[in-house]
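Here the structure comes first, spelled out in structure tokens, and everything after it is commentary.
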Amino acid sequence: MNLKTVLILLGLALATILALVCVLLTRERTPRTCQHLPPEQEDVEDGQSLVFADLTAEEMSQVVRYLRGHLGVPLVEASRAKPSDNCIAGVDVQVPAKAEVLRFLDGAGARPPREALAVLYFGNQAEPNISELVVGPLPTPAYHRDVTVHKYGGKLPYHRRPTLAVEYKQIGGFLKSHVFPSAPAFMQQVMEYDGSNLAAVTAAPRGFQSGDRVTWFVLFQNVSGFFVHPVGLEVLVDHSSLDTSQWAVSRVFYNGQYYSDMVQLESAYVEGRISVEKVRKAPWDGDFSSMKPRAPRAAPFPVQFEPQGRRYSVRNNRVLFQGWSFAFGLSLSTGLRLFDVRHQGERVAYEISVQEALSVYGSNCPGGMSTRYMDGSFGLGRYTSPLVPGVDCPYLATYVDTHSLSDSLRPRRRKASLCIFEHNLGSPLRRHYSNLQSLYYGGLVNSALVVRSIATVGNYDYVWDFIFYQNGAIEGKVQATGYPSSSFLHGDGLRYGNRLWEHTLGTIHTHFVNYKVDLDVGGVKNSLVAHDMAFEMTRAPWSPEQQIERPRLTKEVLDTEDQAAFRLQSKMPRYIYFAANSKNNWGHQRGYRIQITSFAGDHIPEASSMERAISWARYQLAVTRRKEEEPTSTSIYNQNDPWTPTVSFADFINNETITNEDLVAWITAGFLHIPHSEDIPNTVTVGNSVGFLLRPYNYYDLDPSIYSHDGVFFTSEQDFTACEINPLACLPKTASCLPNFPPFTYDGFQNM
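FYI, the numbering for the sequence shown is -19 to -1, 1 to 733, going by mature numbering (1 follows the signal peptide of the UniProt record, and there is no 0).
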């Protein structure tokens, strides 16, 4: 073998060795797949939380079968029903009475029978009415009882019924077939109407007095984001008759002028007696209202992952996390709600639930100026949006499907309508760095559990959160986004908002949201206590000739409901809490404090004929005795008859004693929205977030988060780079792994 051959072989051998070394080194640097550990808390509950569970699809179907077979009247599919038909408007779970549930949960009583609440419209009767029927026991119904009179003190008039989707469809057909053709020149030449390029948006309430069902419909260009594309035309439709052939136009509005009907508008247009503002036709994507990104893609945004798996568990409707446990559900009308909320095994709240979302608009156009939306009537749960992983919730959140039955005889599966996730807020829950005397650092990351749903009701999207912190605090929060509602800009329109585009007036409006918080602090019986501060003048004991102003603690027990009803803009004690009958080790009554975050606009004047229907919004906080006959602060029937409200919250407050009683806090938060140019294409959540906190106040002997496994502590004398001293030093090993990101899926456009 010559020297050249030897050198070639040696070179090949060396290259092979180098390649193998590179492979081995690369393999060592390749992150492993994240290994999931079992949750810290094992759920050993035997299904007690199912007493609060939403109805399953099968249970809903069984209820429908029972009603169709046992009422003795024909029930029409709600999606095809005429106003003169009988139909099922909706079916939801009937949560049992609290006393009955507590006897079951706390071990002394039997499981309450599982029941459903069905809302039926009886239009095909001598006296049309709305009825509420309780159906049970599930899963095999054998009885029903009409609870309408018991709940509301009388029958529910038919005109109060929330508007079904089919009624809007019928009104749309009425506009297309009867109304618009009566003004052919105007519709063709001014509106460029082709049968599909206009979208109608309803105002509400519908008239000025009980019995009215007369609605302004505002017309927009039917493009993406149509809510900010008004065309200046609004039509007042009288749809009070149960015979759709009797529906009629009561008034027409165009560009600041009112007409008796479309015929009169057409005549004025043909004769040149009308001021025409022709709106530039927008492309299908809406142009300025399009939410399509205007920038190219760049580096992806940061994402969170759980290097050792989820630290919470979800089983059926029950969640466990870091000492917390609770049941969750989604009401058809009010949306997200929680039951049996416990921390470290002790119940702190029986129910925390959304009650209502209200918007009151101003405008110089009739549809806008008459709008007071009560979104519970439309359905905060009914219009829950399918959630998009990575935007609506973290990509790796737990997504929960729910079922609903409304406007139909068949239940509908709502994919990913709730999400649950642990969220590292990127800041310390608490910390201290000591460079005096001893040298140390101690801290705890603020990692909290979030339960979220998002309701899209017309133009607005409401992001509803309940957040659980490791120090025993709970936050209820809502963020508003979506499109602003708008009017056609004309005349003195700038008195009622800002100009957002050529013909678009972003109209001023208020947002109010109401929550029910049934705290049970150290037991069912609580009292309401207020702590605050006052400055007092005193002589300095060591220098009597000098004065000192010092703050002192003020204390007051609020004995009655009247004392505990705090008007919206009034001064409220800064520390107000539910006090238990037990004390902590330091002799203080154990309590949970209510802290409200709100910058609400003004409430509608109480002299208004419809104010009692939304009288809960008078108060930033009202605490009342809990009563089974006062389950909600409002009613789905208030929207279409606010002049004779089915439920008036003001009646709840009647100066009853609230000392050592089962109490409920009704919390109102809100904000004033004056739309501005940055609300185009649509409104951002930043700055549009309100809600409340429930915080332990002397409930524990010390901060319970000190027992969190996430705590960090090290001194100057310790090796804080060692994993056994400092858990943060473990991260290069424990968190250097590849999370499993499942393929992106979205079912939001299925089964519309």
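Don't be surprised by glycine CBs; every beta carbon is placed ideally from N, CA and C.
Given the structure is predicted, the values throughout are model-derived calculations rather than measurements.
What separation, rounded to the nearest whole angstrom, lies between the Cα atoms of residue i and residue j?
| i | j | result |
| --- | --- | --- |
| residue 703 | residue 696 | 12 Å |
| residue 249 | residue 255 | 6 Å |
| residue 730 | residue 189 | 38 Å |
| residue 443 | residue 706 | 44 Å |
| residue 195 | residue 641 | 48 Å |
| residue 232 | residue 156 | 13 Å |
| residue 376 | residue 330 | 30 Å |
| residue 94 | residue 610 | 19 Å |
| residue 712 | residue 287 | 12 Å |
| residue 471 | residue 352 | 18 Å |
| residue 61 | residue 260 | 35 Å |
| residue 13 | residue 180 | 53 Å |
| residue 714 | residue 40 | 48 Å |
| residue 499 | residue 225 | 44 Å |
| residue 168 | residue 162 | 8 Å |
| residue 744 | residue 677 | Here the chain has residues from -19 to 733 only, and residue 744 is not among them. |
| residue 619 | residue 123 | 32 Å |
If I follow the unbroken beta strand (DSSP E) through residue i, where does it start and stop?
| i | result |
| --- | --- |
| residue 654 | 644 to 654 |
| residue 340 | 327 to 342 |
| residue 396 | 393 to 415 |
| residue 659 | Residue 659 -> no beta strand (DSSP E), and no H or E assigned at all. |
| residue 247 | Looking at the DSSP string, residue 247 is not in any beta strand (DSSP E); the run it does join, the alpha helix (DSSP H), is 243 to 251. |
| residue 382 | 379 to 387 |
| residue 526 | 524 to 539 |
| residue 508 | 508 to 521 |
Taking the alpha helix (DSSP H) that residue i belongs to, which residues open and close that run?
| i | result |
| --- | --- |
| residue 153 | 146 to 155 |
| residue 714 | 712 to 715 |
| residue 77 | No alpha helix (DSSP H) contains residue 77, which DSSP labels as neither H nor E. |
| residue 457 | Element bounds for residue 457: not the alpha helix (DSSP H) but the beta strand (DSSP E), 455 to 463. |
| residue 131 | 129 to 133 |
| residue 167 | 165 to 170 |
| residue 49 | 38 to 51 |
Exposed or buried, which one is residue i when buried takes at least 16 other CB atoms within 10 Å?
| i | result |
| --- | --- |
| residue 98 | buried |
| residue 447 | buried |
| residue 632 | exposed |
| residue 635 | exposed |
| residue 455 | buried |
| residue 257 | exposed |
| residue 526 | exposed |
| residue 131 | exposed |
| residue 725 | exposed |
| residue 523 | exposed |
| residue 727 | exposed |
Less than 7 Å between the C-beta atoms of residue i and residue j, yes or no?
| i | j | result |
| --- | --- | --- |
| residue 337 | residue 357 | yes |
| residue 467 | residue 491 | no |
| residue 346 | residue 469 | yes |
| residue 601 | residue 649 | yes |
| residue 223 | residue 64 | yes |
| residue 691 | residue 430 | no |
| residue 637 | residue 599 | no |
| residue 364 | residue 438 | yes |
| residue 505 | residue 643 | yes |
| residue 71 | residue 387 | yes |
| residue 29 | residue 86 | yes |
| residue 334 | residue 323 | no |
| residue 203 | residue 236 | no |
| residue 647 | residue 603 | yes |
| residue 440 | residue 208 | yes |
Among the options, which has the Cα closest to the Cα of residue i?
| i | options | result |
| --- | --- | --- |
| residue 508 | 492, 493, 539, 494 | 539 |
| residue 83 | 32, 120, 624, 193 | 32 |
| residue 321 | 583, 679, 501 | 501 |
| residue 57 | 28, 391, 262 | 391 |
| residue 680 | 716, 671, 574, 620 | 574 |
| residue 205 | 513, 458, 612, 269 | 269 |
| residue 709 | 700, 693, 722 | 693 |
| residue 274 | 183, 550, 324, 661 | 661 |
| residue 294 | 432, 658, 175, 520 | 432 |
| residue 445 | 366, 382, 150 | 366 |
| residue 385 | 310, 171, 423 | 310 |
| residue 625 | 135, 234, 104, 584 | 135 |
| residue 400 | 417, 415, 413, 382 | 382 |
| residue 139 | 101, 673, 718 | 101 |
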